[in-house]
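Below is one structure, written out as structure tokens; the observations come after it.
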Amino acid sequence: MPDSTSAASFGSTAVVVCVLVASVISACSPERSVPEPVEAPASFSQQGSADQIDRWWTAFGDDSLNAAIDTALSANFTLRAAWARLQEARAIVDQEQAGLFPQIDASASAVTERRSEDGAGRNPSERDLELGAAASYEIDLWGRIRARANAEQARAEATLSDYRAASLSIAAEVTRAWMQLAEARRQLDLTEQQVQTNQQVLSLLRERFGTGQIRSVDILRQRQLIAASEQDRSAARARVGVLEHQLAVLLGTSPPRQPVAGPDSLPDLPPAPETGVPAELIRRRPDVRAARFRVAAADRDLAAAMSDRYPRLTLTASAATSAQAAENLFDDWVARVAGDLLAPIFYGGALQAEVDRAEARKRELVYAYGQTVLQAFRDVEDALVLETSQRKQVEKLIQQEELAQQAYEQLRVQYLNGSGSYLDVLTALRDVQRLQRDLLAARRILAEDRIALYRALAGAFTTERERDDT
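Under the UniProt record's numbering, the first residue of the sequence shown carries the number 1, and numbering increases by one thereafter.
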């Protein structure tokens, strides 16, 4: 039977061997750096003149919009859920990091035994008190525990970036709904004016019909135009209500039953922001950062899977004492210290399969990261192209509306002088009213294109919830 000296020597040798092997294998661990799957272009196709700002919506100069977005960032339930996911991810990090420290347990017990009187003079009642403590600690020879903790830390950073991306999305949705509501209210006002204009024309036609200057069919056509205008007015009123409901939900409140305060007109667009360098966009956009952190987490998962194939060394220690009286508890105690080495021998290929899975998962996330980067570049270029095109459409619609107004005035005068057909006047009036509505919609689309550009270029900003958490 080996003596204690031999056992201690063997244990020391085993530890030294494990440490040496760990230093060799650590050289084969996955790299912590995240590869760049896509080469960034040198520049974007267009450049703006205004400085980029984190809270880009303030560029519209609308204090009511700013207040609405502040409310949404604090009260929106989607953002609250995203923040809860972040808290969950951080708790998981704490769980994994706990494995880097010893685990210590304590125990205590008190037992009382009673016996019946047997006449032998023994004490019929005895009490036993016991106290004990035990500790265990796994030496992280191959970095498996730390790799798992680092993986969860990277996932928590990705979740934080997800929260910031969600904050940007909510800000964009509120701003978009704000612009849509402004346009819808202007459309409602416009259709109201058009109904009144058409009714005034109908009154004029009836006067002329009474004097025999026009045909009854002209009155019927005008009444048809009034009915169409009233239909447009009803649709505009419904759209205003729907957008008010949408905005209320974005702000974390129930849809209102009464009209709410909000925008009445579309703001003028501020100067376009500088697009900057694409390489800076990759570092700034939270969705790209989230994808990058997930690649880093997968890399650490792979390191942990590789480490699972190697032995584990766990140190344990315990101490216990017992007595029949509290004052004698520490007179007699027993301590034990041990080292346990557990090496995987045969798992039917399960450990290598886990390594293969982790490698495939990392490749998958690298490709997803590359796709996210490409999509970020596309978002900027799409927004630039769409805004440029929409601006030209607005200019053309302004020209068309002016020309249509001139044509209508000339045809109306000719008709009143008895040298024209009312059908021509009616057609011209319809064109004017349609172009007025189209121009409002085009200006709203132009504002939405600018929102898309701000959103594509935006980096993360710190919300009030984050500041309160620090």
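Glycine included, every Cβ here is placed at the ideal spot set by N, Cα and C. Being a predicted model, the structure only gives us computed values, none of them experimental.
Contact annotation, Ala154 with Arg300: C-beta distance approximately 6 angstroms; criterion of less than 8 angstroms satisfied. Using a C-beta cut-off of 8 angstroms, the stretch 261 to 281 makes contact with the stretch 441 to 451, since at least three inter-stretch Cβ pairs fall below that distance. Taken through DSSP and simplified to helix, strand or coil, Tyr408 comes out as helix. By the Cβ test, the stretch 302 to 311 is not in contact with the stretch 389 to 399, since fewer than three Cβ pairs between them sit closer than 8 angstroms. In this chain, the beta strand (DSSP E) harbouring Glu113 covers 103 to 114.
Closest option to Pro286, judged by alpha-carbon separation, among Ala106, Glu88, Gly459, Asp54: Gly459. Straight-line measurement puts the Cα of Leu435 at about 20 angstroms from the Cα of Tyr422.
Boundaries of the beta strand (DSSP E) around Leu313: 312 to 323. Using a Cβ distance threshold of 8 angstroms, Ala50 and Glu387 do not count as a contacting pair. For Val334, the enclosing beta strand (DSSP E) covers residues 333 to 342. Assigned with DSSP and collapsed to three states, Asp62 falls in coil, not helix or strand. CA-CA distance, Gly339 to Phe330, rounds to 26 angstroms. Close CB contacts of Pro41 within its chain, under the 8 angstroms cut and outside five residues either way in sequence, are with Pro278, Phe377 (chain order). Between the alpha carbons of Tyr454 and Thr253 lies a distance of about 26 angstroms.
Counting along the chain, no alpha helix (DSSP H) covers Trp57, and no H or E run does either.
Taking 8 angstroms as the cut-off, the Cβ atoms of Gln222 and Asn198 count as close.
In this structure the stretch 341 to 361 does not touch the stretch 169 to 186; the number of beta carbon pairs closer than 8 angstroms is below three.
Counting along the chain, Asn417 sits inside no alpha helix (DSSP H), nor does DSSP assign it H or E at all.
Note on geometry: alpha-carbon atoms of Trp333 and Leu315 lie some 20 angstroms from one another. The straight-line gap separating the alpha-carbon atoms of Thr78 and Tyr163 is approximately 10 angstroms. Boundaries of the alpha helix (DSSP H) harbouring Val201: 144 to 210, taken from the DSSP string. Taking C-beta atoms as the reference points, Tyr408 and Val380 fail to come closer than 8 angstroms. Gly132 and Val337 have their alpha carbons spaced roughly 14 angstroms apart. Spanning the alpha carbons of Gln405 and Gly210 requires a straight line of approximately 28 angstroms. At the C-beta level, Val93 and Ala158 stay beyond 8 angstroms of one another.
Of the residues assessed, Ile104 falls on the exposed side of the cut-off, its CB having fewer than 16 other CB atoms within 10 angstroms. By the criterion of a C-beta distance shorter than 8 angstroms, Ala227 is surrounded by no residue of its chain, once the five residues flanking it on both sides are discounted. In this structure, the beta-carbon distance from Ala323 to Ala335 does not fall below 8 angstroms. Following the DSSP letters along the chain, one finds Gly241 inside the alpha helix (DSSP H) bounded by residues 216 to 250. Inter-residue distance for Ser74 and Arg80 is about 8 angstroms (C-alpha atoms, whole angstroms).
C-alpha of Arg283 to C-alpha of Arg450: approximately 22 angstroms in a straight line. Beta-bridge pairing by DSSP links Arg127 to Thr112. With respect to the C-alpha of Asp140, the residue from Leu100, Asp128, Gln87 having the closest C-alpha is Leu100. Following the DSSP letters along the chain, one finds Gln97 inside the alpha helix (DSSP H) bounded by residues 77 to 97. Inclusion of Ala177 and Ala290 in the CB contact set at 8 angstroms is not warranted, their separation being larger than that value.
Between the stretch 230 to 246 and the stretch 50 to 62, the count of C-beta pairs closer than 8 angstroms stays below three; the two stretches do not touch.
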